[in-house]
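One structure below.
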Amino acid sequence: MVFGIELILIGDQLATISGSKNAFLSVSSVLSVANKMLSVEEALDLVAKHCSPLAPRRVPLGEAAGLVLAEDIASDVDSPPHDKAMMDGYAVRSIDRQPERQILEEIAAGSVPHFSLKPGTASHIMTGAPLPDGADAVVPVEQTELVSASTVRLQQVAPARGQHVLPLGASMRAGEVVVRSGAVLRPIEIAILAETGHSSVLVIPRPRLAILPTGNELVAVREKPGPGQIRNSNGPMLVAAGTRAEADATELGVARDTHDDLTQSIQQGLAADVFVLCGGVSAGKFDLVPRVLAELGVEQVFHKIALRPGKPLWFGIKKAGERNVLVFGLPGNPVSSLVCFELFARPAIAALAGRGFAQRSSVRAKLNHAYDHAGHRAAYLPARLDDRGSEKSVVILPWQGSADLATLAQANGLARLPIEKRRFEPGDMLDVLLI
Ligand code: AMP
Ligand code: MG
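Under the numbering used here, the letters of the sequence shown match residues -19 to 415, in that order.
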């Protein structure tokens, strides 16, 4: 009962402290006194509170794809700049009715017409070229036949006014805002920026992400592990996950579990916007990461959450002038590392990039089998989603614990098992986070 009351107090404090760093510290100490781990949702809230978009920067248009625009973009031209033929054919006056027309000239894209259309005339015109004065429709070349070098017969004698013509300014007008601040620059927006003469744009830059694997047992990918050693698979995995999350990701190289080595590498990592360490955050004798982070001025926001896999997750911030460096200490087990990255680091990267604190999308799917969920933590378990049928279904993969990368490779989602439920029956609906 006492425990229950404590939890309510913690909830109240969390609700009233937004933005106050000292209050966070006192809340985390209250939490450690109560020895109650944060839920995933509480931990996500704390991470989200420390995320704000990076300062905008001007970049060449060729480097802007995928970034978030930080200014409104106005057009400096009308588009199209003239009434424009949308087909190869003959520019005509739609009110004329006679099948045979005298050809006045040939108008290619990039040239301008020299003659106005009079009754009984037409001009041969190519896609993209400006319509001559007097013309208001295009008859496609397939619906015409040449009678002589200077005469064409139209099979379609009464085209609708405006047929195959895009009027001047129909797409956009000079001065009009065509892409708004906050838009993610997809290829189509890049095209609009190019069309409207913006060779550089103000954007929120890609967050710099530093990855630091830690552990005495780790050897490089190209090496054959000796006794007691394993290859560093997390480093490349997290760089790949970071790149996929649209961060500018680099791996700093493996740090050994020594105070000096960690100190040196962590100093380097703190130059990034997001610093992700893996390993060394559990309760082992050589798990020195939290201590060294604290010595280097990184303030702990939380350590350990009610998540399986991923309980040892550590999160803190380092104030560096105006900016915050977000520091995540992920557990070393590869599956835990990836789950924690996807749940926490990915949305943080998105928020810094101006895209908002959001995970990848989830879908609801029907569990295919019974499942018993032990423990008192929410679980995000490697799962195989089948979305081919009319109803999505999911299988939780029989994984061998959080070092089991081979099973993770079969997974296309993480099935979320909420903290409050233990027994799952076939047909129960689960959220599956797509990975
Ligand atoms: P730790 O969190 O440091 O206690 O590590 C937990 C487990 O994850 C240990 O079995 C480590 O060997 C393994 N591990 C830690 N870092 C890596 C890494 N970079 N690549 C692959 N496995 C790792
Ligand atoms: Mg370790």
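Yeah, the Cβ is synthetic: ideal placement off N, Cα and C, and Gly gets one too.
CA-to-CA distance, residue j to residue i, given in whole angstroms
| i | j | result |
| --- | --- | --- |
| N348 | F321 | 27 Å |
| I415 | E279 | 30 Å |
| C258 | R368 | 36 Å |
| P36 | D228 | 16 Å |
| G149 | A65 | 14 Å |
| A433 | P120 | There is simply no residue 433 to check, as the chain begins at -19 and stops at 415 in what is shown. |
| M(-19) | L365 | At M(-19) the pLDDT is 31, less than 50, meaning the model places this residue with poor confidence; the figure from the coordinates comes in the next sentence. Cα to Cα, M(-19) sits roughly 40 Å from L365. |
| L397 | L287 | 10 Å |
| R166 | V183 | 13 Å |
| M409 | V199 | 42 Å |
| N2 | P207 | Here N2 scores only 41 on pLDDT, less than 50, and its place in the model is too uncertain to base an answer on. |
| S19 | A54 | 46 Å |
| K299 | T107 | 58 Å |
| S8 | A225 | The predicted position of S8 is uncertain, since its pLDDT is 45 and thus under 50; a value taken from the coordinates is nonetheless stated next. Answer to the nearest angstrom: the Cα atoms are 29 Å apart. |
| V234 | A251 | 17 Å |
| E427 | T176 | No information on residue 427 is available, as it lies outside the stretch -19 to 415 that the chain covers here. |
Bounding residues of the beta strand (DSSP E) (the contiguous stretch that carries residue i)
| i | result |
| --- | --- |
| L126 | T124 to S128 |
| S342 | S342 to L347 |
| P40 | R37 to P40 |
| V319 | No beta strand (DSSP E) holds V319; the alpha helix (DSSP H) holding it covers P314 to C320. |
Per-residue DSSP class, three states only, for residue i
| i | result |
| --- | --- |
| G(-9) | Residue confidence for G(-9) is low, a pLDDT of 33 falling below 50, so the modelled location carries little weight; the figure read from the coordinates is stated next. Note: G(-9) maps to helix in three-state DSSP. |
| L47 | coil |
| Q390 | helix |
| I399 | coil |
| S96 | coil |
| A325 | helix |
| P120 | strand |
| I170 | helix |
| R271 | helix |
| V13 | Here V13 scores only 40 on pLDDT, less than 50, and its place in the model is too uncertain to base an answer on. |
| L148 | coil |
| L111 | coil |
| E156 | coil |
| E175 | helix |
C-beta atoms of residue i and residue j nearer than 8 Å
| i | j | result |
| --- | --- | --- |
| A345 | V374 | yes |
| A328 | L306 | yes |
| L173 | V164 | no |
| P289 | V319 | yes |
| E80 | R133 | yes |
| H144 | G69 | yes |
| A118 | I105 | With the sequence shown as reference, residue 118 is identified as Val, and Ala is not the correct amino acid for it. Result yes, Cβ atoms of V118 and I105 sit closer than 8 Å. |
Where the alpha helix (DSSP H) through residue i begins and ends
| i | result |
| --- | --- |
| L26 | V20 to K29 |
| H239 | H239 to G249 |
| M217 | N214 to R224 |
For residue i, the residue or residues it bridges with in DSSP
| i | result |
| --- | --- |
| L192 | L257 |
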